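Asks: Below you'll find the structure I mean.
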Amino acid sequence: MKNIAFFAVGIFFGITMTKSEAISWFRIHEMFRLESFHMFGIIGTAVVLGAIILQIMKRTKMKTWNGTVVGYNPLPFNLARHLISGTIFGLGWALVGCCPGPMYVLVGHGYWIVLVVIAGAILGTFSYGLVKHKLPH
Amino acid sequence: MKTTLTLGFVELISQPWHWSVSGAAIALVIFLLTWMGRSFGVSMTFKDTCGLFGAEKINDFFKVDWPNETWRMVFVFGGLAGGVIAGLYLRSPEAVAISQSTINHLSDWGLSYPEGDSKGLGFIPTAFFNFSSVKGIILALLGGFLVGFGSRYADGCTSGHGITGLAHLQLPSLVTVIGFFIGGLVMTHLLMPLIFG
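For the record, the sequence lines run as chains A and B.
Each residue of the first sequence is one higher than the last, beginning at 1 in the numbering used here.
Each residue of the second sequence is one higher than the last, beginning at 138 in the numbering used here.
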């Protein structure tokens, strides 16, 4: 039953990614050329509203539907790790013009070439798992 | 104003959404998933898929905590279904309206816009990324590889760090997002002119 709810939220997410135009390679390219406020407005609004919502949920000790309180498992901070990993991600994001969420949505739109991008992402994840122990964490 | 008021609901939401509406809709997704006891993040599905293909036999890193990861796969298939629905029933009247300066710059690369997209939606420059172009296929694979490698090394992508992590006021997420932009700016301004130009 719960999975139906997650599927429904996924549908809403897919529609949002489409209508926000965040799935557009052209929008991502324009963002990195700093030629439009559009993407910055979307991310900024989501982060600010999201932060307010999460703060309220935490401070009121609102229960989730599992009966737990809202929490977050913080990652240990490692400057090198986060800068390097973020940069690697950014290089790919700007080239293919989509991050993981929009990849799935674009397949839904029938852009079959994005299946190649997803295959690459799975391969990249697999490769990381193989060399993980050699990287700074 | 009169035309806006007389539009039906489907016509109304078929228009491209203002960035503030889009941002609020994403915040609603954060709220719903958090209330459902989960944390919004997509890139872990790539690791889950590695596990499905049997990578857990190679390395414990690929072991998937299945009952706790199932929701994520269901969620991204929902995202895919959302793409199908939006593509069939909520198509915008015109292609994505990027700025004129970006359009001019793309024409220098021989990417006419929105004809850069075979579907005329302005979502992917299919004149470049298509199955008849070996270069396009290789770069699609390479770009995907970098996204997959980087997001797992970072332990999150745009959703997990860029949205959820920042909304939880996490310093590692902020540094990761700065990395996203370093990489993105380098690719867009230094490398892509060599690839596309």
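Ideal Cβ positions, reconstructed from N, Cα and C, are used throughout, including at glycine.
These numbers were taken from a predicted model, which means no experiment stands behind them.
Considering only their Cβ atoms, is the gap separating A:Gly86 from B:Val284 smaller than 8 Å?
Replies: no
Asks: Between A:Gly101 and B:Thr171, which are expected to be in contact by the criterion C-beta below 8 Å, what is the C-beta distance as a whole number of angstroms?
Replies: Not confirmed; about 16 Å, so no contact.
Asks: Return the residue from the list B:Asp292, B:Lys184, B:Ile274, B:Thr207 that minimises the CA-CA distance to A:Ile4.
Replies: Nearest option by C-alpha distance: B:Thr207.
Asks: Is it right to say B:Trp203 is buried, meaning 16 or more other beta carbons lie within 10 angstroms of its own, or is it exposed?
Replies: exposed
Asks: Which residue's Cα is closest to the Cα of A:Trp65: B:Phe199, B:Val233, B:Gly174?
Replies: When only C-alpha atoms are compared, the closest one is B:Gly174.
Asks: List the residues of chain A that B:Val147 touches, going by C-beta distances under 9 Å, in chain order.
Replies: Here the premise fails: no neighbours, minimum Cβ distance about 12 Å.
Asks: Quick one: give me the first and last residue of the alpha helix (DSSP H) that A:Val9 is part of.
Replies: 2-19
Asks: Per DSSP, which one or two residues make a beta bridge with A:Val48?
Replies: A:Val48 pairs with nothing; no bridge assigned.
Asks: Give the range of the alpha helix (DSSP H) segment to which B:Cys294 is assigned.
Replies: Unbroken run through B:Cys294: none, as it is neither H nor E.
Asks: Apart from the five residues on each side of it in sequence, which residues of its chain come closer than 6 Å, Cβ to Cβ, to B:Tyr250?
Replies: Around B:Tyr250: Ile240, Leu243.
Asks: Quick check on this structure: which residue in B:Leu227, B:Leu217, B:Ser238 has the alpha carbon closest to the alpha carbon of A:Trp112?
Replies: B:Leu217
Asks: Do you know how far the Cα of B:Leu149 is from the Cα of A:Ile11?
Replies: Computed Cα separation, rounded: 18 Å.
Asks: Cβ atoms of A:Val105 and A:Ile23: under 8 Å apart, would you say?
Replies: yes
Asks: Does the stretch 251-262 of chain B touch the stretch 216-235 of chain B, meaning 3 or more C-beta pairs lie closer than 8 Å?
Replies: yes
Asks: List, in chain order, every chain B residue whose beta-carbon is nearer than 7 Å to that of A:Val9.
Replies: Identification of chain B residues near A:Val9 by a Cβ-Cβ cut-off of 7 Å yields Val166, Leu169, Leu170, Phe212, Gly215, ordered along the chain.
Asks: If you draw a straight line from the alpha carbon of B:Asn205 to that of B:His305, how long is it in whole angstroms?
Replies: 21 Å
Asks: Is B:Lys256 helix, strand or coil by DSSP?
Replies: For B:Lys256, the three-state secondary structure derived from DSSP is coil.
Asks: Go to B:Ile240, then tell me how far its alpha helix (DSSP H) extends in each direction, as first and last residue.
Replies: Annotation for B:Ile240: the continuous alpha helix (DSSP H) segment containing it runs 237-245.
Asks: Per the DSSP calculation, A:Val69 is bridged to which residue(s)?
Replies: A:Lys63, per the DSSP bridge assignment.
Asks: What do you reckon, are the CB atoms on B:Ser151 and B:Arg228 nearer than 8 Å?
Replies: yes
Asks: Expressed to the nearest angstrom, what Euclidean distance is found between the alpha-carbon atoms of A:Val116 and A:Met1?
Replies: 32 Å
Asks: Going by Cα to Cα distance, which pick from B:Gly178, B:Pro153, B:Leu276 is closest to B:Gly293?
Replies: With distances taken between CA atoms, B:Gly293 lies nearest to B:Gly178 out of B:Gly178, B:Pro153, B:Leu276.
Asks: Grab me the residues of A:Ser36's own chain with a C-beta within less than 7 Å of its C-beta, minus the 5 sequence neighbours each way, in chain order.
Replies: Glu30
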